[in-house]
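Quick note, in the working numbering, the sequence shown goes up one by one and the last residue is 1545.
We put the CB at the ideal spot given by N, CA and C, even for glycine.
Take a look at the structure below.
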Amino acid sequence: MSSQIDHLLNETRRFAPSAEFAANAVADASLYQRAAADREGFWADQARELHWHTPFTRVLDWSNPPFAEWFGDGELNVAYNCLDRHVDAGHGDRIALRWEGEPGDQRNVTYAELTDEVKRLSNVLIDLGIERGDRVAIYLPMIPEAIASMLAVARIGAVHSVVFGGFSADSLRSRIDDAGAKLVITADGGWRKGKVSPLKPAVDQALADRNGSGIQETVEHVLVVKRGENDVEWIDDRDIWWHDVVPQASGEHEAEAFPAETPLFILYTSGTTGKPKGILHTSGGYLTQAAFTNRVVHDVHPETDVYWCTADIGWITGHTYVAYGPLANGATQLLYEGTPDTPHPGRWWELIEKHGVTIFYTAPTAIRSFMKIGRDVPQKFDLSSLRLLGSVGEPINPEAWVWYRDIIGADTTPIVDTWWQTETGAIMISALPGVTETKPGSAQVPIPGISIAVVDDQGEPVGNGSGGLLVITEPWPSMLRGIWGDPDRYRETYWDKFSDKGYYFAGDGARLDDDGDVWLLGRVDDVMNVSGHRLSTAEIESALVGHEGVAESAVVGASDETTGQAVVAFVIIKSSYLKQHPVEGLGDELRKWVGEQIGPIARPRDVYIVGELPKTRSGKIMRRLLRDVAEGREVGDTTTLADTAVMSVISAQVK
Ligand code: ATP
Ligand code: MG
């Protein structure tokens, strides 16, 4: 079967950067030339923007693929680079974190204060017996202590595994076990949707007696931040209050230099496709690409910008673009604890107005949910401080992209649509603001120093105008170094498919347009085969969302006797639209609509109108579950869903 993917949608709108933006942008086109002329030299230059206790002499060692080493003989301390370095440079008074809790409480934390806190916490961790290489699980809300915890673990050469605070005791347990964590850092609870959501009880449950499971408990202590003020149970020789030990600890701690390949963190992928994988990242290369991409893609000017990435630290985006990238660059950022719609649906826009946010980075799922609520909510706020918008996590449909620019960006801000993965560690494909003329819906070009291709099953380039499989053809500094404890799965998952060429297979489909720009088409596993045509989910979903009544959509291929597979669409209709139009006949109208927008081949066989779509906790649609429904099977593993009840509701609506 051919791996080519048919091209369906045509989007022709273009947005050139303004002269003013281009004149002040961090990036300029010469970066591409420098990187093309000497890729490794280019990355070495970027790495030298960091502070190295021992400078490296080797750049890339790829003698044992797929296990790469970057800057292997250099030594650095990641936390020193994010903290002490800025204080030493005279920026101690600059605010690192402008934090706001969901109830509206606020704290500004300067670089000097954050450095002090991290030094104290480092001493506490050492007292608790945490040594270089030990794993520490972090299960915290979005509070300054979460960032301090990641940095303190990094500072002493230990390895963190951040587990999203919304995950259950079970998920926490399996991640603690997989990593063999010695310490858990948590809070009593945190604020979510207007109430305190408990965290410590989930830790207690995760650590409760295993009933003779035979597995050795690795956790020795639980360090607890008081945040929610909810009642918690206490095990005296295991549990420790943060406020009893951190303020009292010594503020003297000198950052030790560690080799560049020292493990920095393990992070489990969001689990859209199956069992979560513990992705391992190391220090020097990761920090290099995190800082570089944050600087040039988010156009960070540390003296003047207020940057806000809305991701939770439980996701890779929160690691690279909340914790490490912006702090390595000495930026000032907003950190917000709560949900976007508490206590009112304009909460995020209120925060942007209040804190004068200039750079805003969020996910398409959030943008689509704001479109669903309507433009009058953001329009109540002054968003004129914004000068750059970013998107990450899924393909952003052109309609959502244009809405984002129009309504949030006053029809002027550049938008960077950034493609990357937990595994890539940092942004790989994106426009450079001020340089690239942007196209709604396209992630566009690999960043300087990154080489990608779109290929067929044999690894041959499909050429401009065609769709195929996205691969990364050369190792990159922030690439994953493996799957924790499972080198075979690492090879099989990412490298075996194109082992003769040495390509990294990302698992995503993509298309190159006539200019050679990249359009992401969704996961290869989700590509449909209808009468021999390979159709991507992203393009049909974009067409559906282009209909005035449709708020969100998900498309899957279901087996079909005549066509092999048939397109089955699940759509959420805007409530404002339903007030004025009958629901009868809407399914047929949408089938016809897709036929007109794209062509008869893409016309859905069935359109189901539903109230919700199954999403992971990071907001990604889990199409494999919808495929189960469409094919009348029992629904598969739903444990990584944000709301596990949603599938029974959908199944009922489909019947
Ligand atoms: P799992 O690998 O466990 O199934 P996941 O892939 O959802 O989980 P992440 O690493 O958070 O976990 O997500 C990376 C994926 O998100 C990419 O492979 C791609 O499918 C999608 N993605 C991220 N950014 C973009 C983007 N800008 N455009 C299109 N797709 C994107
Ligand atoms: Mg993935």
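>> I'd like the span of the alpha helix (DSSP H) that includes residue 1348, first residue to last.
In response: Residue 1348 -> no alpha helix (DSSP H), and no H or E assigned at all.
> Got a sec, what are the start and stop residues for the beta strand (DSSP E) residue 960 sits in?
Replying inline: 957–960
> Are residue 1174 and residue 1289 closer than 8 Å when you measure CB to CB?
Replying inline: no
> With respect to the alpha helix (DSSP H) encompassing residue 1271, which residues constitute its N-terminal and C-terminal limits?
Replying inline: Looking at the DSSP string, residue 1271 is not in any alpha helix (DSSP H), and its letter there is neither H nor E.
> Is residue 1419 helix, strand or coil by DSSP?
Replying inline: strand
>> Bridge partners for residue 1455 per DSSP, in chain order?
In response: 1449
> Can you tell which of 1331, 994 and 1203 has the C-alpha that lies nearest to the C-alpha of residue 1240?
Replying inline: 994
> Is residue 1125 buried or exposed, if buried means 16 or more other CB atoms sit within 10 Å of its CB?
Replying inline: exposed
>> For the structure I just gave you, are there three or more beta carbon pairs, one from the region 901–918 and one from the region 1433–1448, closer than 8 Å?
In response: no
>> Do residue 1052 and residue 1112 have their beta-carbon atoms positioned less than 8 Å apart in this structure?
In response: no
>> Let me confirm a value: residue 1344 is counted as buried when at least 16 other C-beta atoms fall within 10 Å, else exposed. Which label applies?
In response: buried
>> For residue 987, tell me which candidate among 1197, 1119 and 899 has the shortest Cα-Cα distance.
In response: 1197
> DSSP three-state call for residue 894: helix, strand or coil?
Replying inline: coil
> Any chance the region 1253–1268 sits against the region 1501–1518, with 3 or more Cβ pairs inside 8 Å?
Replying inline: yes
>> Using only CA atoms, which one of 1068, 943, 1306 and 1188 lies nearest to residue 1107?
In response: 1068
>> Check for me: the alpha helix (DSSP H) holding residue 1378 runs from which residue to which?
In response: 1377–1384
> Alpha carbon to alpha carbon, what distance is there between residue 1176 and residue 1370?
Replying inline: 9 Å
>> Suppose you measure from the CA of residue 1537 to the CA of residue 1500; what does that come to, to the nearest Å?
In response: 11 Å
> In whole angstroms, what is the alpha-carbon distance linking residue 891 and residue 1534?
Replying inline: Confidence at residue 891 is low in this model, with a pLDDT of 40, below 50, so the placement of that residue should be treated as unreliable; the coordinate-derived value is given next. Cα-Cα distance, rounded: 35 Å.
> For residue 842, which of helix, strand or coil comes out of DSSP?
Replying inline: In the structure displayed, the chain extends from 891 to 1545; residue 842 sits before or after that span and is not available.
> Between the Cα of residue 1222 and the Cα atoms of 1195, 1208 and 1243, which residue gives the shortest distance?
Replying inline: 1195
>> On the CB-based measure, 16 or more other CB atoms within 10 Å of its CB, does residue 1045 come out buried or exposed?
In response: buried
>> So, at 7 Å on beta carbons, what are the nonlocal neighbours of residue 1208 in its own chain, with the 5 sequence-adjacent residues on each side left out?
In response: 1201 and 1202
> Three-state secondary structure (DSSP) at residue 1322?
Replying inline: coil
> First and last residue of the alpha helix (DSSP H) that includes residue 924?
Replying inline: 920–927
> Any chance the CB of residue 1408 is under 7 Å from a heavy atom of the ligand ATP?
Replying inline: no
> Per DSSP, which one or two residues make a beta bridge with residue 1499?
Replying inline: 1461
>> To the nearest angstrom, how far is the alpha carbon of residue 1024 from that of residue 1014?
In response: 14 Å
> If you run the structure through DSSP and keep just helix, strand and coil, what is residue 952?
Replying inline: strand
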